[in-house]
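Residues in the sequence shown are numbered from 0 upward in steps of one, following numbering that gives the first Met the number 0.
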Amino acid sequence: MRSIIVGTAGHIDHGKTALVKALTGIDADRLEEEKRRGITIDLGFAHMDLAAPNCETLRLGFVDVPGHERFVRNMLAGVGGVDLVLLVIAADEGIKPQTREHFDILQLLGVNRGVTVLTKSDMVDAEMLEVTLLETEEFLRGTFLDKPNPVVPVSSLTGAGLQDLKRALAAAALQVPIRDSEAIPRLPIDRVFTMKGFGTVVTGTLVAGTVQREDELEILPSGKRVRVRGIQVYGNSVEQAFAGQRTALNLAGASVEDLSRGMTLTLCATLETTRQVDVKLQLLASAPRALKNRARVHFHSYSMETVAEVRLRQTAKSDDEIGDNSPAASLHLRPGEGGFARLRLPSPALLVPGDRFIIRQFSPLVTIGGGVVLDAAPLLRPQGQTDFLTTLERGNVQAILTARIARRGANGISILELVSETDGRER
């Protein structure tokens with residue numbers, strides 16, 4: 000059974016949670032405050048099985064995110080591992096600020112499959128629905144949700160359009176590449192809690208690899224080791240979980256005080272944390288101002304959130320990192336521009352090549368860009384850095400491995416170090 004993670008996106012009160020409930024029968028709002036206020040505050044989860052046109056059964060795990068601008072950080076903790084998106088737009092309101100911000104985030108994270116849904120279609124007449132449809136099509140033009148991807152009007156109240164939406168979801172899900180279950184396992188933690196009779200439980204989307212009961216895993220960045228006492232996938236006890244599944248692990252050897260959102264479970268003594276990463280950075284065209292060298296930003300990757308200092312890199316005559324006394328210390332990245340940068344973090348974090356991230360302006364909080372990690376084990380003063388990063392960005396497996404070995408010179412690099420540098424992906 001193929002497992003697909005579906006993330007919701009859209010403005011507050013546009014009906015994301017109601018739509019998930021109409022599809023799955025599960026109310027993803029789990030907090031008492033959410034039910035009292037009638038808004039989603041933190042991540043919610045649901046699931047359903049769906050028959051595909053080729054008779055394959057698809058298991059869809061939904062990550063329902065908050066739409067309020069105050070809770071974008073919670074939204075970011077959930078969308079990092081999604082395979083496709085349900086972009087939700089209310090027929091009676093159309094495109095709103097968080098519609099735009101959420102959609103920018105999805106594109107920066109490399110999400111490229113999904114379905115656009117016009118909710119609350121029962122609350123408007125045919126003329127108004129057509130106006131919102133035209134506005135939505137204009138908004139999506141030139142993006143991954145442009146035609147021929149459907150825009151599906153639905154009503155979570157009456158059920159109108161839900162069958163059309165299920166068919167569109169199945170078609171989109173079949174286009175999602177199957178995640179690598181043979182890779183090094185990584186589970187970014189998004190919830191930590193205690194269950195009576197079981198003890199410590201963590202949940203997250205298994206973004207790579209396979210986890211089995213009785214496996215010994217390492218919590219990064221703390222380095223604490225734990226044993227997997229039990230596994231649940233979508234509420235069912237299983238012997239193993241595979242990449243692409245929403246997974247709950249009952250852990251022995253750690254208390255809730257040892258764990259928090261943003262930590263990652265992985266194979267022991269395999270991957271290493273870092274305090275600096277070399278990245279390809281893209282600034283949104285809608286960013287309110289240029290990003291200056293040494294600017295501090297809020298950094299989000301999977302469920303992790305921290306602060307980062309951006310060290311932009313010259314790409315003309317020199318590829319040295321730009322410091323305070325450099326002639327190019329005033330270098331900046333203008334809205335809509337991209338370039339290489341080194342991000343410095345205040346404490347160790349687990350990041351590997353290929354990880355996507357989002358940056359938000361330090362103050363006021365607004366999403367300004369994102370990018371992809373190229374190197375999580377950068378050398379202090381490498382030569383030919385721009386050429387090296389260009390190879391990491393565009394090269395094939397052989398070119399990337401050759402470049403990583405060559406940069407170590409006569410010292411060479413061990414197989415274990417190479418696996419750690421690449422997350423074992425370049426194989």
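Don't be surprised by glycine CBs; every beta carbon is placed ideally from N, CA and C.
Remember, it's a predicted structure, so these values are computed and weren't measured experimentally.
Measure the Cβ-Cβ separation of residue i and residue j and say whether it is below 8 Å.
| i | j | result |
| --- | --- | --- |
| A307 | R359 | no |
| A376 | T273 | yes |
| K279 | F339 | yes |
| A45 | I25 | yes |
| N249 | F298 | no |
| G449 | I4 | Not covered by the structure: residue 449. The range shown for the chain is 0 to 426. |
| I104 | L59 | no |
| D12 | G80 | no |
| F61 | A27 | yes |
| F143 | R185 | no |
| L282 | S419 | no |
| V175 | D82 | yes |
| L173 | I357 | no |
| I177 | F138 | no |
Keeping to the same chain, check which residues put their C-beta closer than 6 Å to that of residue i; ignore five residues upstream and five downstream.
| i | result |
| --- | --- |
| L417 | none |
| R333 | A289 |
| V276 | L342, L350, V372, A375 |
| A402 | F387, T390 |
| L216 | V225, L264 |
| R36 | none |
| E126 | none |
Which same chain residues end up closer than 8 Å to residue i when comparing Cβ atoms and leaving out the 5 residues on each side of it in sequence?
| i | result |
| --- | --- |
| L117 | I88, A89, A90, L128, T131, L132, T135, V150, V151, P152, V153 |
| E100 | E68, V71, V365, T366 |
| Q239 | T209, V210, Q211, R212, I230 |
| I404 | G411, I412, L417 |
| I188 | V201, T202, G203, L258, S259, R260, G261, M262, T263, L264, S302 |
| R295 | V306, A307, E308, V309, F361 |
| K165 | L22, L49 |
| I218 | R224, V225, A253, D257, L258, M262, T263, L264 |
| N73 | I40, D41, L42, V64, P65 |
Compare the Cα-Cα distances from residue i to each of the options and report the closest residue.
| i | options | result |
| --- | --- | --- |
| A457 | A284, A286, M194, R295 | Limits of the chain in this structure are 0 at one end and 426 at the other, which puts residue 457 out of reach. |
| T23 | L105, N53, G158, V81 | G158 |
| A253 | A348, T199, H297, T204 | T199 |
| F241 | L270, R224, A207 | A207 |
| T56 | D63, A170, T115, K146 | A170 |
| L205 | R166, D82, L49, T246 | T246 |
| A268 | L349, R190, Q281, L330 | L349 |
| Q106 | V396, V84, E256 | V84 |
| K15 | V255, T115, L216, R224 | T115 |
| T98 | L86, G109, I399 | L86 |
| R29 | A398, L330, M47, R190 | R190 |
| G370 | V110, G394, V123, L266 | V110 |
Look at the alpha carbon of residue i and the alpha carbon of residue j, and state the distance between them as a whole number of angstroms.
| i | j | result |
| --- | --- | --- |
| S300 | T39 | 21 Å |
| F192 | G43 | 15 Å |
| A51 | R1 | 10 Å |
| R226 | P220 | 17 Å |
| V19 | G222 | 37 Å |
| V78 | A409 | 42 Å |
| R293 | P347 | 19 Å |
| D422 | E92 | 44 Å |
| D318 | T385 | Residue confidence is low: D318 scores 42 on pLDDT, short of 50, so the model does not pin down where it sits. Its coordinate-derived value is still stated next. Rounded to the nearest angstrom, the two C-alpha atoms are 6 Å apart. |
| S362 | E304 | 15 Å |
| I321 | R355 | Bear in mind that the predicted position of I321 carries a pLDDT of just 44, short of 50, making it unreliable; the figure below should be weighed with that in mind. Roughly 23 Å separates the two Cα atoms. |
| L161 | L168 | 10 Å |
| L415 | E33 | 46 Å |
| D145 | V255 | 44 Å |
| N148 | G141 | 12 Å |
| L400 | R312 | 23 Å |
| H331 | D41 | 35 Å |
| D214 | K119 | 46 Å |
| S236 | P345 | 38 Å |
| V123 | G6 | 26 Å |
Does residue i have its Cβ less than 8 Å from a Cβ in chain D?
| i | result |
| --- | --- |
| E213 | Of the protein chains in the structure, only one exists, and it is not chain D. |
Please list, in chain order, all residues of the same chain as residue i whose beta carbon is under 7 Å from its beta carbon, the five residues on each side excluded.
| i | result |
| --- | --- |
| A286 | P334, I367, G368 |
| D121 | S154, L156, T157, A159 |
| E392 | K279, L373 |
| E336 | L282 |
| F427 | Given that the chain is displayed from residue 0 to residue 426, the structure contains no residue 427 and the question cannot be resolved. |
| M47 | L22, T23, L59 |
| S180 | G208, T209, F241, A242 |
| A284 | P334, G335 |
Tell me whether residue i, by its Cβ, gets closer than 7 Å to a heavy atom of the ligand NAP.
| i | result |
| --- | --- |
| K95 | No copy of the ligand NAP appears in this structure; indeed no ligand is present at all. |
What are the uninterrupted segments assigned as beta strand (DSSP E) that are 3 or more residues long and contained completely in the segment 356-407, given in chain order?
Those beta strand (DSSP E) runs which fall completely within the segment 356-407 and span 3+ residues are 366-374.
In chain order, which beta strand (DSSP E) runs of at least 3 residues are fully inside the segment 206-281?
209-211, 215-219, 223-232, 235-237, 239-241, 245-251, 263-266
Within the segment 56-114, ranges of the beta strand (DSSP E) (whole runs, at least 3 residues)
56-63, 83-89
Which whole runs of the beta strand (DSSP E) in the segment 20-50 are 3 residues long or more, in chain order?
43-50
For a minimum of 3 consecutive residues, which ranges assigned as the beta strand (DSSP E) are wholly contained in the segment 165-209?
185-194, 198-204
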